[in-house]
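A.B. asks: Sending over a structure as structure tokens; questions will come in a sec.
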Amino acid sequence: MASPLPNHGPDNDRPIAIDNSKKATGILSYSLNDVRNEQLLSNFLETTGTTSDKELVAQLLSLKAVCEVSLGPQLNYDITVPFDSSQDVKYRKIGFGQCGLIFSKPGQDTIVKVAKPFFHHALHADYLAHIAVHDAFARQREAPECRIPRVYDHIHATSTWWNDNASLLNEQHPEFPLSSGALISEYIPPLPKVVREVFIKRYCPEHLQQSALDNPLNRDCLARVYLGRRRAPNQPLQANFSLRNFNLHLDQMIEMNLPVETYARVMGQALAIIHWAANVDGYDIEFVLGSEASDSGGYAARMWVLDFNLCSRFESSAATLHPDTIVDQLVIAFYENDPYYPRPCVDSEPEEQLWNAFKAAYILKAEEILGTLGLTLLKAFPQRFIDACVERAKL
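Given below as structure tokens:
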């Protein structure tokens, strides 16, 4: 018998009122989230008739079109915030990274990543590498299945932008003074509410589940795709469970019947573009599942690649002059990242199939890129990179 779906009603994650600005911001964030979830469920369930949570999540996270209408964010809902003016709505913190805090303003399609003290140069490096990778993705003849957020601007600490926006960042701390460097890029919508509720139902300790459902921070859920790691056998559920930066391990994806081979193929294609079209090593980048951000029809979720602040760029000429150095650089970036990529030389299933899918997609896309660019001197490099990854795995 199919397991019942979690309660998708409006009371699960209502924000706690603190003051008018935070209350207005929280209510608008909640309302946009809830309306989109109801629209998604209505359109999707009408098309598929799916009733079990496992089937629902597997289809929503399939990276395929799941119905005939747009499931994009549609940010301009007619939602009334019960306060004096729209100026009460401010940015809210939705995440953090190594070099900055991340803010969004409910109803807008951009995020602001604000540099921590002493990380201004890292954020600018993030901006430059992000532009290089985004432009490389945009040059592909067919749109890659992996998405990369658009990048709009880098704001210096002395910019007049802060005159209008510093007061809107409602989480200022003495150790985090504004103004600062900032990066403005496309907002990646969180995973659908129904998916988040299933994650809580499956992977949060039972006595903490209601608290997790009520916690507004768990609305900001992007799932890291860890194809290269399983949880330890009999590992207890996390006592500090959170959906922010949620680590989705291979065994969990298998449990939920997610298309892990598709994920491996999409990841391999994306890394080939990063390496050979953008000339970026991909050090410490992240691959996550988030919602569709465009109005293209029928997609609920996408794989996204983000966070380029530790990446280094290389010139094609350097690869021909110092081939071992460049290959070593790419292999180090592959292994010193979180375990997103499938791992070679793992004698079990589906790990072997995942590595083969990743490898085939990487080499195919890399050879296409190098052929288009006329870089015949580099045509052996994609296979050299793959072979070097295998050799390191044998150590």
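Just so you know, UniProt numbering puts 5 at position 5 of the sequence shown, and the rest follows in order with no gaps. All C-beta atoms, glycine included, are put in the ideal place defined by N, C-alpha and C.
(1) Near T110, what residues of its chain come up, given a Cβ to Cβ distance below 6 Å and the 5 sequence neighbours on each side ignored?
(2) In the DSSP output, what is H249 paired with across the bridge?
(3) When you compare only the Cα positions, how much space is there between F118 and G181?
(4) Hey, out of L354, R384, K193, V266, whose CA is closest to A143's CA?
(5) With a threshold of 6 Å, establish whether the CB of F103 neighbours any heavy atom of the ligand MG.
(6) Give a yes or no on whether the C-beta atoms belonging to A278 and A132 are separated by under 7 Å.
(7) Excluding the 5 residues flanking Y91 on each side, which residues of the same chain have their C-beta closer than 6 Å to its C-beta?
(8) Identify whether Y299 lies in helix, strand or coil by the three-state DSSP scheme.
(9) Just mark D84 as buried or exposed, buried being the case when its beta carbon has 16 or more other beta carbons within 10 Å.
(10) CA-CA distance, residue 397 and Q329?
(11) How should I332 be labelled, buried or exposed, when 16 other C-beta atoms within 10 angstroms of its C-beta is the threshold for buried?
(12) May I have the straight-line CA-CA distance separating R230 from E349, to the nearest angstrom?
(13) Between the C-alpha atoms of L61 and N43, what's the straight-line distance to the nearest angstrom?
(14) To the nearest angstrom, report how far apart A232 and H322 are at their CA atoms.
(15) How about I285 and V305: are their beta carbons less than 7 Å apart?
(16) In chain order, what residues of the same chain lie with their CB nearer than 8 Å to the CB of Y203, ignoring the 5 residues before and after it?
(17) In angstroms with no decimal places, state the Cα-to-Cα distance between L123 and C311.
(18) Mapping the DSSP letters down to three states, classify H207 as helix, strand or coil.
(19) Out of G268, Q235, L208, V225, which has the shortest C-alpha to C-alpha gap to L250?
(20) Using alpha carbons as the reference points, say which of D135, F137, L178 lies closest to I155.
(21) Does the beta-carbon of G371 have 16 or more other beta-carbons within 10 angstroms, so that it is buried, or is it exposed?
(22) Note down the Cα distance separating I326 from F334, rounded to an integer number of angstroms.
(23) Helix, strand or coil for S242 per DSSP?
(24) Where do the ends of the alpha helix (DSSP H) carrying F103 lie?
(25) What span of residues does the alpha helix (DSSP H) with Y362 cover, start to end?
(26) What are the boundary residues of the alpha helix (DSSP H) that G268 is part of?
(27) Can you give the beta carbon distance from L32 to P192, rounded, assuming they're within the 8 Å contact cut?
(28) By the three-class DSSP mapping on this structure, what secondary structure does A136 have?
(29) Based on DSSP bridge pairs, tell me the residues matched to I111.
(30) When you compare the CB positions of G228 and R343, do they come within less than 7 Å of one another, or not?
(31) In whole angstroms, what is the alpha-carbon distance linking G374 and W276?
(32) Answer with buried or exposed for residue 473, where buried requires no fewer than 16 other C-beta atoms within 10 angstroms of its C-beta.
(33) How far does the alpha helix (DSSP H) with F119 in it extend, from its first residue to its last?
(34) Between D53, E38, Q59, which has its C-alpha nearest P259's C-alpha?
(35) Excluding the 5 residues flanking D135 on each side, which residues of the same chain have their C-beta closer than 6 Å to its C-beta?
(36) Thinking just about the alpha-carbon of each residue, which of V112, L271, N356 is nearest to the one in W161?
C.D. replies: The relevant details are as follows:
(1) Taking the first residue of the sequence shown as position 1, residue 110 is located at position 110. So the list reads I184, Y187, once near-sequence residues are dropped.
(2) Stepping through the sequence shown from its first residue, residue 249 is reached at position 249. According to DSSP, which records beta bridges pairwise, H249 is partnered with Y226.
(3) In the sequence shown, counting from the first residue as 1, residue 118 sits at position 118. In the sequence shown, counting from the first residue as 1, residue 181 sits at position 181. Rounded to the nearest angstrom, the two C-alpha atoms are 10 Å apart.
(4) To locate residue 143, count along the sequence shown from 1; it is residue 143. Taking only the C-alpha atoms, the option nearest A143 is V266.
(5) As for the ligand MG, it is missing from this structure, which has no ligand bound.
(6) Here residue 278 is taken as the residue at index 278 of the sequence shown, counted from 1. Here residue 132 is taken as the residue at index 132 of the sequence shown, counted from 1. In this structure, A132 lies closer than 7 Å to A278 by Cβ.
(7) The count along the sequence shown starts at 1 and reaches residue 91 at position 91. Only F103, K105, L168, L169 meet the Cβ criterion.
(8) For the purposes of this step, residue 299 is identified with residue 299 of the sequence shown, where counting begins at 1. Note: Y299 maps to strand in three-state DSSP.
(9) Within the sequence shown, residue 84 is the residue found at index 84, counting from 1. At D84 the pLDDT is 49, less than 50, meaning the model places this residue with poor confidence; the figure from the coordinates comes in the next sentence. Counting Cβ neighbours within 10 Å, D84 comes out exposed, since fewer than 16 surround it.
(10) There is simply no residue 397 to check, as the chain begins at 1 and stops at 395 in what is shown.
(11) On the sequence shown, position 332 is the one that residue 332 refers to. The residue in question, I332, is exposed, as its Cβ has fewer than 16 Cβ neighbours within 10 Å.
(12) Here residue 230 refers to the residue found at position 230 when the sequence shown is read from its first residue. Here residue 349 refers to the residue found at position 349 when the sequence shown is read from its first residue. One C-alpha to the other measures close to 12 Å.
(13) Walking along the sequence shown from the start, residue 61 turns up at place 61. Walking along the sequence shown from the start, residue 43 turns up at place 43. When rounded, the distance between both Cα atoms is 16 Å.
(14) Taking the first residue of the sequence shown as position 1, residue 232 is located at position 232. Taking the first residue of the sequence shown as position 1, residue 322 is located at position 322. Each residue's alpha carbon lies about 40 Å from the other.
(15) Sequence index remark: in the sequence shown, residue 285 carries index 285 (1-based). Sequence index remark: in the sequence shown, residue 305 carries index 305 (1-based). Yes.
(16) One-based indexing of the sequence shown puts residue 203 at position 203. Only L237, Q238, F241, Q252 meet the Cβ criterion.
(17) In the sequence shown, the residue the question calls residue 123 occupies position 123. In the sequence shown, the residue the question calls residue 311 occupies position 311. Distance between the alpha carbons of L123 and C311: 11 Å.
(18) Taking the first residue of the sequence shown as position 1, residue 207 is located at position 207. Here H207 sits in helix by DSSP.
(19) Here residue 250 refers to the residue found at position 250 when the sequence shown is read from its first residue. Answer by Cα proximity: V225.
(20) Residue numbering aside, residue 155 sits at position 155 when the sequence shown is read from its first letter. Selected option, being the one with the closest Cα: L178.
(21) Taking the first residue of the sequence shown as position 1, residue 371 is located at position 371. It is exposed - the Cβ of G371 has fewer than 16 other Cβ atoms within 10 Å.
(22) Residue mapping note: residue 326 aligns to position 326 of the sequence shown, counting from 1. Residue mapping note: residue 334 aligns to position 334 of the sequence shown, counting from 1. If you take the alpha carbons of I326 and F334, they lie about 12 Å apart.
(23) To locate residue 242, count along the sequence shown from 1; it is residue 242. It is coil, neither helix nor strand.
(24) For this step, residue 103 is matched to residue 103 along the sequence shown. No alpha helix (DSSP H) holds F103; the beta strand (DSSP E) holding it covers 100 to 104.
(25) The count along the sequence shown starts at 1 and reaches residue 362 at position 362. Taken as a continuous stretch (DSSP letters only), the alpha helix (DSSP H) holding Y362 covers 351 to 373.
(26) Against the sequence shown, residue 268 aligns to sequence position 268. 260 to 276 is the span of the alpha helix (DSSP H), which, as asked, contains G268.
(27) Here residue 32 refers to the residue found at position 32 when the sequence shown is read from its first residue. Here residue 192 refers to the residue found at position 192 when the sequence shown is read from its first residue. 13 Å between Cβ atoms; not a contact.
(28) Residue mapping note: residue 136 aligns to position 136 of the sequence shown, counting from 1. Helix at A136.
(29) What you label residue 111 is simply residue 111 of the sequence shown in a count that begins at 1. Bridge partners of I111: S104, S185.
(30) Here residue 228 corresponds to residue number 228 of the sequence shown, with the count starting at 1. Here residue 343 corresponds to residue number 343 of the sequence shown, with the count starting at 1. For G228 and R343, yes; Cβs fall inside 7 Å.
(31) For the purposes of this step, residue 374 is taken as residue 374 along the sequence shown, with counting starting at 1. For the purposes of this step, residue 276 is taken as residue 276 along the sequence shown, with counting starting at 1. Each residue's alpha carbon lies about 12 Å from the other.
(32) In the structure as shown, the chain starts at 1 and stops at 395, and residue 473 therefore has no counterpart that could be examined.
(33) For the purposes of this step, residue 119 is taken as residue 119 along the sequence shown, with counting starting at 1. It is not in any alpha helix (DSSP H) - F119 carries neither H nor E in the DSSP assignment.
(34) For the purposes of this step, residue 259 is taken as the residue at position 259 of the sequence shown. Selected option, being the one with the closest Cα: Q59.
(35) In the sequence shown, counting from the first residue as 1, residue 135 sits at position 135. Cβ within range, chain order: n/a, list empty.
(36) Counted from its first residue, the sequence shown places residue 161 at position 161. Out of V112, L271, N356, V112 has the C-alpha closest to the C-alpha of W161.
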